[in-house]
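The sequence shown: position 27 = 26 (numbering that gives the first Met the number 0), numbered continuously.
Heads up, the beta-carbon is just placed ideally off N, CA and C, and yes, glycines get one too.
On a predicted model such as this, the values are computed, not experimentally measured, just so you know.
Below: the structure, in structure tokens.
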Amino acid sequence: MLNPSIDSLLTKIDSKYTLVTVAAKRAREMQLANNCVIEQPVSHKCVGKALEEIDVEVLKYVPSEGKIID
């Protein structure tokens, strides 16, 4: 079972493709800088941590501007 669920994530970001892109970019940032915003993430991997940030709305995506907002 995925945590967070894909259904939960798709309520935050409108498409799976955008979700993957945003999570991948944030995961790359975390790999380079080792800066996870969530205190105690469930996942140990950067992509999972990025998805958790999206789920708790720490990381947001604005579709009209196409930018990631911390």
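Closest residue to residue i among the options (Cα-Cα distance)
i	options	result
SER4	ASN33, SER42, GLU38, MET29	SER42
PRO62	ASP13, SER7, LYS44, GLY47	ASP13
LEU31	GLU38, CYS45, GLN39, LYS15	CYS45
Beta-carbon proximity check, residue i vs residue j, cutoff 8 Å
i	j	result
VAL36	GLU52	yes
ALA22	LEU1	no
LEU58	ARG27	no
Enclosing alpha helix (DSSP H) for residue i [first to last residue]
i	result
LYS15	15 to 32
GLU52	45 to 54
LEU1	LEU1 -> no alpha helix (DSSP H), and no H or E assigned at all.
Supposed close pair residue i, residue j - CB separation, criterion 8 Å
i	j	result
LEU9	ASP54	Not a contact, Cβ separation roughly 11 Å.
MET29	LYS48	6 Å
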